[in-house]
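Residue numbers (full-length UniProt numbering): 1 to 667.
Think of the CB as a built atom: it goes at the ideal place given N, C-alpha and C, for glycine as much as any other residue.
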């Protein structure tokens with residue numbers, strides 16, 4: 001497939017694309033040695049569009065992998081139908097990567113983006129169950145968890161205890177698990193290196209894949225009326241395959257209809273010829289034959305040939321379709337030319353006889369086109385006025401124009417009812433809009449960052465990420481307009497680097513994990529930086545100013561410590577628990593002036609401890625009293641003890657207050 005870097009859905013790019021932005025990425029399949037990509041190159045002027053088809057041929061060389069290591073390993077084997085394979089671990093697959101903490105290796109697969117594996121699924125089996133039961137429990141009875149998608153560190157991936165589970169037969173003797181790995185090793189390359197592998201899974205007692213063949217119910221012949229778009233029904237041509245689902249069989253047109261004999265179209269756009277289609281399209285009546293626009297007095301028979309491919313790219317023998325075009329004696333108007341319109345987003349285009357033409361045998365001057373639908377992203381004008389009716393004379397004089405509304409749309413259409421006053425036919429005029437890079441990027445993630453005081457933390461794509469509908473996401477530029485006050489935005493090529501302060505960065509730097517926020521360590525616990533995102537257009541499409549917030553968590557860097565020059569207070573004499581405060585008061589009175597400050601501090605500590613102990617005793621006594629009351633009812637002795645305890649607590653607090661209040665240290 002041809003795709004943008006880090007994008008799989010976009011299939012339109014500028015002719016003056018930047019270096020390393022458009023790539024052909026091989027899926028890793030070992031089943032094809034060549035590929036063909038068909039491109040349409042459009043040149044837009046103010047008045048017309050010039051389109052030229054281009055074929056890109058790709059040769060796939062059978063070279064060894066740089067990251068995946070499969071040679072010398074144990075192959076993945078399923079010993080029986082509907083069984084489990086051996087474990088996908090380091091004995092079956094390894095990775096050529098360093099164990100350095102600065103190296104990142106991530107591997108994964110997803111069945112949502114690939115039909116493989118076609119005959120089974122990946123499951124995760126509890127390793128403790130295997131160790132406990134050994135081979136006593138069959139594969140069907142083991143507890144398994146289906147894994148449809150995973151992306152993990154390379155070492156963790158090999159410890160997941162993954163197995164391939166075979167699900168159906170008949171199947172080919174080899175199935176495949178598409179794996180994708182991304183390696184970032186700063187000692188080798190500043191860029192992330194990606195690689196794909198189709199890991200083979202061998203199924204014992206299965207037969208090699210067989211090629212598709214034509215279905216025995218085929219008629220290989222269809223009759224159509226002249227000028228009438230006719231759908232190909234499944235009984236005309238179809239194929240079958242023992243291993244591949246019929247819906248996934250691909251029909252490639254190996255010998256198309258000759259010039260002037262018509263062509264096959266997909267009903268999504270019946271103005272453009274197609275070169276291949278799925279059998280699923282045939283089954284759902286999406287493929288049609290468009291006869292030539294030339295009228296003949298007698299019946300004509302045309303032919304085309306197809307080759308059907310299955311999931312393993314095995315090809316069938318050629319299948320020939322014959323189409324008999326019957327002459328038409330109708331006097332109704334008919335569409336002889338309908339190529340549709342291609343224009344750039346926001347442009348206006350004249351609809352000429354090269355795009356659309358209607359002929360009528362008896363009343364050509366009375367033919368009128370009535371707009372009955374479509375025009376979801378544009379308007380139709382004749383001589384500058386919005387209309388719903390126009391004639392072929394308007395088309396021939398160049399007065400019919402389509403105006404796009406400059407929205408981010410790629411398709412539009414004009415639904416027409418064509419009448420000569422006596423007969424009516426329906427037609428649809430397709431319009432293809434090529435998007436223009438005229439909108440700025442926009443943020444999809446702006447969650448901010450939380451960091452410890454004085455720390456440094458990476459800004460990930462989960463915190464900050466932008467997208468651009470018209471250009472490459474990797475090349476989006478973040479321009480910092482107002483730098484953070486309590487820290488810096490730095491870029492680290494390697495995690496061990498000290499980093500360089502930057503005032504802007506690209507999205508590819510964020511995806512590679514090279515952008516960090518570094519706090520200065522000051523007592524500022526909330527920070528932010530203001531920025532815009534823009535693309536590479538001249539002038540660039542730039543967003544409005546946005547803010548990225550940083551929350552700093554304070555750290556207790558200086559815990560309380562004892563002053564080495566401080567004085568200790570020693571209480572001498574016989575001070576029991578009843579007269580502790582009295583002894584403390586006497587010591588304070590008898591202390592020298594130089595020690596009275598330290599003694600006062602110690603006295604405060606002792607007073608607080610005494611008060612806390614007394615309160616704790618009161619709480620315990622109260623709790624015990626509640627239990628006694630609940631068991632034996634109220635007693636006067638308990639109430640008296642509680643009152644005495646409260647009075648004692650109050651007296652202790654009062655006495656401690658008086659001791660501290662009457663003490664005045666002197667120099």
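Check	Outcome
If contact is defined by three or more beta carbon pairs under 8 Å, each pair taking one atom from either stretch, is the region 284-303 in contact with the region 318-337?	yes
Closest to residue 238 by CA distance: which of 311, 318, 206, 263 is it?	318
What does DSSP give as the partner residues of residue 446 in its beta bridges?	464
Please give me, in chain order, every unbroken run of the beta strand (DSSP E) with length at least 3 that falls completely inside the region 86-116.	104-110
Using a Cβ-Cβ cutoff of less than 7 Å, which residues in the same chain neighbour residue 270 once the five nearest sequence positions on both sides are dropped?	229, 288, 290
Excluding the 5 residues flanking residue 17 on each side, which residues of the same chain have their C-beta closer than 7 Å to its C-beta?	none
Who are the near neighbours of residue 260 in its chain, counting only those whose CB is closer than 6 Å to its CB and skipping five residues on each side?	292
Between 94, 218, 435, 320, which lies nearest to residue 253 when the distance is taken from Cα to Cα?	320
Give the single residue among 545, 195, 540, 524 whose Cα lies nearest to the Cα of residue 554.	524
Is the CB-CB distance between residue 179 and residue 193 below 8 Å?	no
How long is the line joining the alpha carbons of residue 116 and residue 244, rounded to whole angstroms?	11 Å
Terminal residues of the continuous alpha helix (DSSP H) containing residue 682?	Past the edges of the chain, shown from 1 to 667, lies residue 682, and the structure says nothing about it.
To which residues does DSSP link residue 393 through a beta bridge?	Answer is none; residue 393 lacks a bridge partner.
Using 10 angstroms around the beta-carbon of residue 19, count the other beta-carbons present and answer buried if the total reaches 16, otherwise exposed.	exposed
Do residue 105 and residue 112 count as a contact pair if the criterion is CB distance below 8 Å?	no
Pick out whichever of 35, 351, 69 has its Cα sitting closest to the Cα of residue 56.	35
Kindly indicate which three-state DSSP category residue 157 falls into: helix, strand or coil?	helix
Identify every residue that forms a DSSP beta bridge with residue 227.	Answer by DSSP bridge pairing: none, since residue 227 is not bridged.
Distance, Cα to Cα, residue 401 vs residue 381?	5 Å
Could you compute how far the alpha carbon of residue 315 sits from the alpha carbon of residue 215?	14 Å
Hey, would you say residue 278 sits closer than 8 Å to residue 236, going by beta carbons?	no
Once the 5 residues before and after residue 12 are set aside, which same chain residues still bring their CB inside 7 Å of it?	434, 435
If you measure between the beta carbons of residue 480 and residue 513, is that distance less than 8 Å?	no
What are the partner residues of residue 530, as DSSP defines its beta bridges?	482, 547
To which residues does DSSP link residue 519 through a beta bridge?	487
In whole angstroms, what separates the C-alpha of residue 323 from that of residue 544?	59 Å
Between which two residues does the beta strand (DSSP E) carrying residue 175 extend?	174-184
Is residue 62 buried or exposed, if buried means 16 or more other CB atoms sit within 10 Å of its CB?	exposed
Could you tell me which residues DSSP pairs with residue 504 in its beta bridges?	479
In the DSSP output, which residue or residues are listed as bridge partners for residue 345?	According to DSSP, residue 345 bridges with nothing at all.
Less than 6 Å between C-beta atoms, sequence neighbours within five positions excluded: which residues of the same chain meet that for residue 88?	162
Please list the terminal residues of the continuous beta strand (DSSP E) segment that includes residue 13.	Here residue 13 belongs to no beta strand (DSSP E), and DSSP marks it neither H nor E.
Helix, strand or coil: how does DSSP classify residue 399 here?	coil
My understanding is that residue 456 touches residue 516, with C-beta atoms under 8 Å, so please give their C-beta distance in whole angstroms.	5 Å
Going by other Cβ atoms of all chains shown within 10 Å of its Cβ, with 16 needed for buried, is residue 67 buried or exposed?	buried
When you compare only the Cα positions, how much space is there between residue 310 and residue 256?	20 Å
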